[in-house]
Amino acid sequence: MAFHTAAERRSQTRADTRKVILDATEALLVEAGHAGFSVRKLVDRCGYSAPTIYAHFKDKDGLIDALLEQRLTLLAVDLKRVPLADDPVENLRALTRAFAVFGLRNPTHYQLLMQSREEHSSVIESAEEARRLMEIPAEMIAERGWLALGELEDFRQAIWTMVHGIVSLRALRPDVEWKEDLLDQSIEGMFRGWLVPKEKRQVQPVQEDRARTAEEQVK
Numbered sequence: 679m680a681f682h683t684a685a686e687r688r689s690q691t692r693a694d695t696r697k698v699i700l701d702a703t704e705a706l707l708v709e710a711g712h713a714g715f716s717v718r719k720l721v722d723r724c725g726y727s728a729p730t731i732y733a734h735f736k737d738k739d740g741l742i743d744a745l746l747e748q749r750l751t752l753l754a755v756d757l758k759r760v761p762l763a764d765d766p767v768e769n770l771r772a773l774t775r776a777f778a779v780f781g782l783r784n785p786t787h788y789q790l791l792m793q794s795r796e797e798h799s800s801v802i803e804s805a806e807e808a809r810r811l812m813e814i815p816a817e818m819i820a821e822r823g824w825l826a827l828g829e830l831e832d833f834r835q836a837i838w839t840m841v842h843g844i845v846s847l848r849a850l851r852p853d854v855e856w857k858e859d860l861l862d863q864s865i866e867g868m869f870r871g872w873l874v875p876k877e878k879r880q881v882q883p884v885q886e887d888r889a890r891t892a893e894e895q896v897k
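So the sequence shown is residues 679 to 897, counted in the numbering used here.
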């Protein structure tokens, strides 16, 4: 039988308390948005007093930032696990799919991450990391002149809209028998429409030190 010291038990209790508070915060934010969130409502939801909440988090903004950092770290980890090729189109395809799969598997996290925040809100490091992971191959595609339609920002927004539509509809309409390959077909259709055909792309020389994972590429 394993025995735990008093310090270990206190640490575990603190971690458990923090998890309950963060989970309740996420549920409230998804239900009411940032404007409808308050510590008073959180007290009613999680069962802990305001002093206990503030013992774990500096203030309301610090609480929300901690939640977003934790959830976005999960997304960034998934994106960094994606193996990359020498072709930025294939890299963006794989990263787009990973982003969508994260949303499909974690609909509550996804709803939270998609909510708008006030302009003066602090920067979430994991959010910036996830954004850069998606931006790098898109920028490479644009730099090589492989966009057949619009500008880079148009392409980015089109990808976001497509992913958001699939993830959100799947969550809102679980009664629909969604096609198993809908995500892959949607990505393929979008890329065919927005990009120059593969046989017409001018291929740049491949650098020997090309990163093989998304994590290596953003370092």
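Where is the CB? At the ideal position from N, CA and C, for every residue including glycine.
Only residues of its own chain outside the window of five on either side were considered, and among them L750, L753, A754 and L757 have a CB closer than 7 Å to the CB of A808, listed in chain order. A distance of 9 Å or more separates the beta carbons of V708 and Q835. When secondary structure is reduced to three states using DSSP, L706 falls in the helix class. In the same chain as L706, and ignoring 5 residues on each side of it, the C-beta atoms closer than 7 Å to its own belong to F715, K719, L720 and R723, in chain order. Ranked by Cα distance from L860, the options L873, W838 and G843 are led by G843. L827 carries a coil assignment under DSSP once its states are collapsed to helix, strand and coil. Distances from the CA of N769 to each of G871, E855, I865 and L850 were compared; the closest alpha carbon is that of I865. In this structure, the alpha-carbon of W872 lies about 28 Å from that of R851. L762 sits in coil when the DSSP states are folded into three classes, being neither helix nor strand.
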